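Data block below; observations after.
In my numbering, the protein residues as written are 36 to 265.
Below is the structure:
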């Protein structure tokens, strides 16, 4: 376990066996990871209560994950006041929990991309900022920012712009970037993205830019970021 301190959030990635995993099994595993994180992190849950993470509406459509706590002696469930986000692809699942808006996305940077990928999803200014760095990571940044702010609207990648990039001088990978929603009616949705690289995977964790961030009050002002490998 590698741990890094960070304000009011926690994220985790778990590597999974290669080959043949269905979308349903990966989604289930990401929800199980999320439930374990919620139990560790939340002061609202005791050892007798069961945590259930739901990521689908009653009609079966995907939704932002919500954690519910259920007491074994009765059927009542209560939604926890937490912001959750999950991501899963072949070979890994990831999850994030916070008391403010948060989004997480996971990509395999070894996957080949179509020649038109950059020009389709990134404008000229974005491409200049990205340079020769893995474009997969910046796609993940857009998705993570969208997850942090979305209110059930569809994901439109071209509206989420990479407006700044910070590079790690010791590595060929980016360390941070800022993403802005350019939708005309969006009220300055600006996200700070942290990149983390584990094995062949890039993880993008998005939180509202510090200037705009509004958090739910909580006794703790510290977030632990953990990387979990089986």
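No residue lacks a Cβ here, since even glycine has one placed at the ideal position from N, Cα and C. Fair warning: this is a prediction, and the values are worked out from it, not measured in the lab.
Per the C-alpha coordinates, the member of 175, 99 and 138 positioned closest to residue 156 is 175. For residue 199, the three-state secondary structure derived from DSSP is strand.
Under DSSP, residue 84 shares a beta bridge with no residue. If you ignore the 5 residues before and after residue 112, its C-beta comes within less than 6 Å of the C-beta of 103 and 105, all in its own chain and listed in chain order. A Cβ-Cβ separation of about 7 Å places residue 137 in contact with residue 241 under the 8 Å criterion.
Across the structure, residue 77 and residue 227 are spaced so that their CA atoms are roughly 24 Å apart. Proximity to residue 151 across 162, 70 and 144 peaks at 162, based on C-alpha coordinates.
Counting only runs that start and end inside the stretch 99-176, the beta strand (DSSP E) elements of at least 3 residues fall at 112-114, 118-124, 127-133 and 138-143. In the structure shown, residue 63 adopts helical secondary structure according to DSSP, grouped into three states. Separation of residue 131 and residue 118 (C-alpha to C-alpha, rounded to the nearest whole angstrom) is 8 Å. Here the alpha carbons of residue 115 and residue 134 stand approximately 10 Å from one another. The bridge partners DSSP lists for residue 242 are 227.
Within the same chain, Cβ atoms closer than 6 Å to the Cβ of residue 198 are found at 213 and 215, the five residues on either side in sequence being excluded. Annotation for residue 216: the continuous beta strand (DSSP E) segment containing it runs 209-216.
Less than 7 Å separates the beta-carbon of residue 179 from that of residue 239. Cβ atoms of residue 177 and residue 189 stay farther apart than 8 Å, at about 13 Å. Nearest neighbour of residue 69 by Cα position, chosen from 181, 210 and 88, turns out to be 88.
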